[in-house]
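Colleague:
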Amino acid sequence: MSVTPALRAGARSAYRDLLRASASTFHGDEPIQRAFRHRMRTEALYLDTSAQHDVKLVEEKIQLARDLATMLRRNVVQARRTQTQDGDDAWNLRFTKDTELGENESIKNPPPMPSSRRARKLEKGGQRFTLSSKKPAAQHSANMPRNFSALKRAHKDREIPELREEDIEESFVRGSGPGGQSINKTQNNVQLLHKPTGFRVACQETRSLQTNRMLARRWLLQKACV
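Positions in the sequence shown are counted from 1; adding 57 to them yields our numbering.
#1: Between the C-alpha atoms of residue 213 and residue 279, what's the straight-line distance to the nearest angstrom?
#2: For residue 192, collect the residues of the same chain with a Cβ closer than 8 Å to its Cβ; drop the 5 residues on either side in sequence, then sort them by chain order.
#3: Assess, as a yes-or-no matter, whether the region 82-99 is touched by the region 126-144 under the definition of 3 or more beta carbon pairs within less than 8 Å.
#4: Nearest to residue 98 by alpha carbon, out of 252, 122 and 222?
#5: Only counting the same chain, and skipping five residues up and downstream in sequence, which positions put a Cβ closer than 7 Å to that of residue 147?
#6: Which residue wins for smallest C-alpha separation from residue 276, given the options 260, 267 and 265?
#7: What residue range is occupied by the uninterrupted beta strand (DSSP E) comprising residue 259?
#8: For the beta strand (DSSP E) that residue 250 lies in, which residues bound it at each end?
#9: Does the Cβ-Cβ distance between residue 244 and residue 208 come in under 9 Å?
#10: Quick one: Cα of residue 151 to Cα of residue 68, how far?
#11: Please classify residue 231: is it buried, with 16 or more other beta-carbons within 10 angstroms of its beta-carbon, or exposed?
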C-alpha cells in the first residue's frame, strides 16, 4: 500500500503546524528556532527514501509532529533573564493563550504517590494501585515496617539473644563428602545443640575445625534470631 496524496497533505499540514508552534514558543529567539527545526528535519521527523513509502511510518511521524506541536504550545514557556531595580537577577516568563497553567492547589497539595518500589511490586503481583490519601487499617500491621527507614530502625533496635557457652552442647564427628583424607579421616564436623531452645546446627564448611566452630556458633545465633 502506497502513501496516498491525502496522507502526504496531512504530513505537510502537521509539519507546518509544528513550525507555527515553534515560532510562537521561541518567539524572538532565532538560534533556538533554527536549532529546533534542524533537529526535527534531520532526526525526529526524518524518513529516508525507502521509509517515505511506508504508510505506517508516515502516520507515526504525522502523529509525532502533532504531539510535539501540542506540547510546545501547552507545556513550554519562554523565559528571559532580566535584572530588577536592585540589581538582582530575575526571569520574565512569556505565557500564551494555549499555555496550561494548572491549579495552584495541585502544586501546593499534591496527591500522595506510592513509591516506585511498591508500584513495581504491585504490578508484578497483578494488582492495581490507586492514589489514595488513606489506607485501610487491615492492610498493615502497626508493628510492620513500611519503608526502608523503618527497616533500618527495626534492624538497629532488634534484640540479639545472648549465646552462653554453658547452654551449648558441642560434639565433633568425622566429616563426610569430597575433600580427601583431611575431611573423611578427621573430626571436623561441628555439631551444636542449644539446650534452652533445642536448636541444633551442624557445620562442615571448611577443613579447619576452629573455623567450623566459629561458623556453627554464628549459624546457631542466626537461627535463634529468626
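Ideal placement from N, C-alpha and C gives every residue a C-beta, glycine not left out.
Modeller: Straight from the coordinates:
#1: As a working mapping, residue 213 is identified with position 156 in the sequence shown. As a working mapping, residue 279 is identified with position 222 in the sequence shown. Between residue 213 and residue 279, the C-alpha separation is close to 15 Å.
#2: The residue given as residue 192 occupies position 135 in the sequence shown. Residue placement at residue 192 is poorly supported in this model, since its pLDDT is 47, which falls under 50; the coordinates are not used for a value here.
#3: yes
#4: As a first step, residue 98 must be located in the sequence shown, where it is residue number 41. With distances taken between Cα atoms, residue 98 lies closest to 122.
#5: The residue labelled residue 147 in the question sits at position 90 within the sequence shown. Taken in chain order, the residues that qualify are 139, 140 and 141.
#6: Locating residue 276 in the sequence shown gives position 219, counting from the first residue. Nearest of 260, 267 and 265 to residue 276, Cα basis: 260.
#7: Walking along the sequence shown from the start, residue 259 turns up at place 202. Segment 257-260, the beta strand (DSSP E) holding residue 259.
#8: Here the question's residue 250 lines up with position 193 in the sequence shown. Per DSSP, residue 250 belongs to the beta strand (DSSP E) from 246-251.
#9: As a working note, residue 244 is residue 187 in the sequence shown. As a working note, residue 208 is residue 151 in the sequence shown. No, the Cβ-Cβ distance between residue 244 and residue 208 is not below 9 Å.
#10: Along the sequence shown, one-based indexing puts residue 151 at 94. Along the sequence shown, one-based indexing puts residue 68 at 11. About 29 Å.
#11: As a first step, residue 231 is located in the sequence shown; it is residue number 174 there, counting from the start. It is exposed - the Cβ of residue 231 has fewer than 16 other Cβ atoms within 10 Å.
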